[in-house]
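Some notes on the structure that comes next.
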């Protein structure tokens, strides 16, 4: 009995255990021994990661409040991979900036707590669990954004994030209450069966979606993105741009495809408009960014627009292509942020102009950056191309050729700005380029895994076929 | 391992080995060795193809191999060749070898240069063997993106601008192509078993004419842009002028051929009704390209610009020949692709050598180089004669076929267009002879003292190219035998 519960909720339970372990161990470490936490945290999370890769079961707990199936389980594994890779990148930052201040375990506790929230969110079977998960994921991140509180920008970003997140959850909560008021239930599977579709419920639905859109940073809910990404520590921006966004897209699909299926006509139009707005806004704003973190922030806004191309398909195909894309997007974007992070850590520079002549002093990190950006731009044979191609195909299958057309125009626009850092690093020569540096072993392992993922996740088709297989849940 | 996949594996392995080379010497030898193997394989393929056809094998594609890649979407790794692709593979491998010889002394980041160059070649080889739209598209884009680095890092003049313009225009065009490919895919089969397989789509012939009319222009412009279709050719002069020599050679010689080849293999073959509907429109564009390119070449003073516009003009003839929709014109178009590949590569190689010695590409500032570097100057005259269509060289045979094919249409519009296009030959003669007169003849300038003669590696590249230019011109029937069965097969949708 308890073993069953554990088996269904294993990812969440393991994360809680990990959080408690790190917390307890931290109590017994004196201030100059904090760095031991790092190894412990990686070890614990590696166990969680490996465990989560085992195939999952289908089942529910707490009277359908908590659902799980192989797909949800697989998505949790994807998020674990992403968090693991981000943790590997965070090590040098923790060692340099946090440990001298006496922090170390706090980073892991906060990021895992947020991950726990996302896990509950994507497993939710009713709006209550959904909302709790969402809040649990947002609050620790707000604290983590403010980690470098001695930097004004970091504190500002945290305030911005928490205010806007609170605002958007308030709107969403109001939307949920309207849905409850009309349908009389907060359970997804009850809402599916309600027949009427009063206007009130429609309003509730729109408010609720806008709450999720905030997390995905769809236009016009994207205003926080650039400021927060720029102000936050790079690893946290990285987390926000891939893990938190990916989970929000996943739950958006579940919500739209199951309880809100009746509004398909409405949300198709909505997604269409949002996709076009998001792609254009993200791309046009990215064109002129000089700071690499702002640059990646707008690029991630644009990527969210591309993701909607898949979501709009509204079928099993949509599910599988979007999840595949998110997997690839995690690898590409974490690699891009990773490269920016490593360079910033060793030189303190994060503007595009500083990258001039980078290839001649640091060829390997330049290559990582180039591969990541090309993958984001969707250039074959890198993984990003396959991800994007299937998204287009999903939209085209529904006959949205105009949307695909707009998307490919946007890809061309995006190619321009993705080539700018490449131009700086490879084409230009500089009087004082960033000097040669050697990064630590954690970073290197992380980047090697990321590059392998970018190179082979697309070419190796069984990955896609596996996702397609487990996506057939409805 | 089948014979065709090796054409992708060998360059990919060469790139892999290049990663570990230490200096220019190792890099160029590795690149050369890899590409010599590739050339040997190309001739082996030519011979095997000849044997198969002699033995009476009349399948559309030979040496096919089909491997399921993404079952959910019906994406296959499907490869095969006919005579045309075999010749294109031969052309590519020879030009890459010539390009390596020309870049023998590249000093800045040599390893990266050869890696990008061979990566580009990998894409081209893959493109020529693909029979699946998805695979073909993947290889097409692999061929385009290294151009950015090649022009941007090793180029001259406004290289960043040229590289960016070229990349964005070609990738933008390929984006249109992507929409068309998806459109073709989702109408590829009457029963919902969609496929990317070119032969199967053509056999099903299930794309409704209304859809063909929509997707034909997207696909035509998509491929046409890289084939320098007017008015989407503007990337080409800037790109060629800024690119390093070997890249100009490969780009004008091979990469631009992907356009005509793709239109022939995919666009027209899969969408015959669309073709008939749009022929006249694109014919006008092609003729404008032919004439405009030739006239622009007259006005230029930079050797590379002259040759780039000349390429626009001559590749316009390829599109022109294809749009004539008959066997003679198509034979001519394919022969023109081949012939122009060798001629323009020779031109760019020679321009690179002249520039390396005189440090200018401005024809008005050069005089009398025939007496200084006779070998290079003579080769330049030969290239010029071949380019203006002197009998005995490849250009004549190709253009003759195209114009005869054009005139075979009993259609006043098409005949008028043919006459207009044919007028470009005269203009071509003007700009070629103008350059020859200004730059090659006359009394040499004082500052040319001590200019080195052509080196052995430069001579090798020139000999290879001139040999094939004359070989095509002297015995065209041999090459036509390779081209004709392919043309006949792909013309079938138009012969009801």
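Chains as they are written, first to last, in our numbering: chain S, 1 to 474; chain Z, 1001 to 1496. Using N, Cα and C, we set each Cβ at its ideal position, and we do this for glycine too. Just so it is clear, the structure is predicted and the values come from calculations on it, not from any experiment.
- [ ] From the DSSP output, in three-state form, read off residue 1064(Z) for me.
- [x] strand
Task: Neighbourhood of residue 77(S) by C-beta distance below 6 Å, restricted to the same chain and skipping five residues each side - done: 52, 53
Open item on the list: Assuming the contact rule is C-beta atoms closer than 8 Å, residue 29(S) and residue 36(S) should be a hit. Round their C-beta distance to whole Å, please.
Closed with: 6 Å
Open item on the list: Does the contact criterion of 3 or more C-beta pairs under 8 Å hold for the stretch 1288-1298 of chain Z versus the stretch 1228-1235 of chain Z?
Closed with: Yes: at least three Cβ pairs fall under 8 Å.
Open item on the list: So, with DSSP's three-state summary, where would you put residue 28(S)?
Closed with: Looking at residue 28(S) - three-state DSSP - the assignment turns out to be coil, as it is neither helix nor strand.
- [ ] Mind checking which residues open and close the beta strand (DSSP E) that includes residue 61(S)?
- [x] 59-61
Task: Beta-bridge partners of residue 1220(Z), as assigned by DSSP - done: DSSP, once it has assigned bridges, lists no residue as partnering residue 1220(Z).
Open item on the list: Taking the alpha carbon of residue 472(S) as the reference point, which residue from 394(S), 58(S), 320(S), 337(S) has its own alpha carbon closest?
Closed with: 320(S)
Task: Rounded C-alpha distance that separates residue 400(S) from residue 219(S) - done: 20 Å
Task: Under the three-state DSSP convention, the category residue 103(S) falls into - done: coil
- [ ] Would you mind working out which of 1019(Z), 1093(Z), 1072(Z) sits nearest residue 1046(Z), comparing C-alpha positions?
- [x] When only C-alpha atoms are compared, the closest one is 1093(Z).
- [ ] For my contact list, residue 442(S) and residue 91(S) are in at a C-beta cut-off of 8 Å; report their separation, rounded to the angstrom.
- [x] 4 Å
- [ ] Could you name the residues of the same chain whose beta carbon sits closer than 6 Å to that of residue 65(S), not counting the 5 residues immediately before and after it, in chain order?
- [x] 125, 126, 129
Task: Burial state of residue 1426(Z) (16 or more Cβ within 10 Å) - done: exposed
TODO: Please work out which residues of its chain come closer than 7 Å, Cβ to Cβ, to residue 187(S), disregarding the five sequence neighbours upstream and downstream, and give them in chain order.
DONE: 64, 125, 126
Task: Selection from 132(S), 169(S), 424(S), 246(S) that minimises the alpha carbon distance to residue 74(S) - done: 246(S)
TODO: With residue 1076(Z) as the anchor, note down where its beta strand (DSSP E) starts and where it stops.
DONE: Counting along the chain, residue 1076(Z) sits inside the beta strand (DSSP E) bounded by residues 1075-1081.
- [ ] List the residues that DSSP assigns as beta-bridge partners of residue 1197(Z).
- [x] The secondary-structure analysis by DSSP pairs residue 1197(Z) across a beta bridge with 1132(Z).
TODO: With distances taken Cα to Cα, identify the nearest neighbour of residue 1132(Z) among 1185(Z), 1097(Z), 1308(Z).
DONE: 1185(Z)
Open item on the list: Taking the beta carbon of residue 1453(Z) as the centre, do at least 16 other beta carbons fall within 10 Å, making it buried, or is it exposed?
Closed with: exposed
Task: Cβ distance (whole Å) where residue 1029(Z) is taken to contact residue 1115(Z) below 8 Å - done: Between residue 1115(Z) and residue 1029(Z) the Cβ distance is about 14 Å, and since that is not below 8 Å, they are no contact.
Task: Sequence-distant residues of its chain with Cβ nearer than 6 Å to residue 1315(Z) (five each side left out) - done: 1227, 1228, 1256
Open item on the list: Closest to residue 1220(Z) by C-alpha separation, out of 1263(Z), 1020(Z), 1024(Z), 1302(Z), would be which residue?
Closed with: 1263(Z)
Open item on the list: Am I right that residue 1124(Z) and residue 1258(Z) are in contact with their C-beta atoms under 8 Å? What's the rounded C-beta distance?
Closed with: 7 Å
Task: Completely contained alpha helix (DSSP H) runs for the stretch 228-276 of chain S, where each covers 4 or more residues - done: Fully enclosed alpha helix (DSSP H) runs of 4 or longer: 234-239, 245-257.
TODO: Report the rounded CA-to-CA distance for residue 1310(Z) versus residue 1428(Z), giving the unit in angstroms.
DONE: 8 Å
- [ ] Anything in chain Z within Cβ reach of residue 288(S), meaning under 8 Å, just list it in chain order.
- [x] The contacting residues do not exist; residue 288(S) stays about 15 Å from chain Z at best.
Task: Within-8 Å CB hit, residue 433(S) to chain Z - done: Look at residue 433(S): its C-beta is not under 8 Å from any C-beta on chain Z.
TODO: Note down, one range per segment and in chain order, each alpha helix (DSSP H) of at least 4 residues found wholly within the stretch 1215-1295 of chain Z.
DONE: 1235-1242, 1245-1250, 1257-1262
Task: Through-space distance from residue 370(S) to residue 343(S), alpha-carbon basis - done: 14 Å
TODO: Check each residue of the stretch 1141-1159 of chain Z: if its Cβ is closer than 7 Å to any Cβ of chain S, include it; give the result in chain order.
DONE: 1141, 1142, 1145, 1148, 1149, 1152, 1153
Task: Contact residues within the stretch 1175-1207 of chain Z, judged by C-beta distance below 8 Å to chain S - done: 1175, 1176, 1178, 1179, 1182, 1183, 1185, 1186
- [ ] Can you give me, in chain order, the residues of the stretch 416-432 of chain S that have a beta carbon less than 7 Å from any beta carbon in chain Z?
- [x] 416, 419, 423, 426, 427
TODO: Can you give me the Cβ contacts of residue 233(S) inside the same chain, cut-off strictly under 6 Å, excluding the 5 residues immediately before and after it?
DONE: 147, 148
- [ ] Apply the 10 Å Cβ neighbour rule to residue 1446(Z) and answer buried if 16 or more other Cβ atoms are within range, or exposed otherwise.
- [x] When all chains shown are included, residue 1446(Z) counts as exposed.
Open item on the list: Quick check on the DSSP output: the beta strand (DSSP E) that includes residue 67(S) runs from which residue to which?
Closed with: For residue 67(S), the enclosing beta strand (DSSP E) begins and ends at 66-68.
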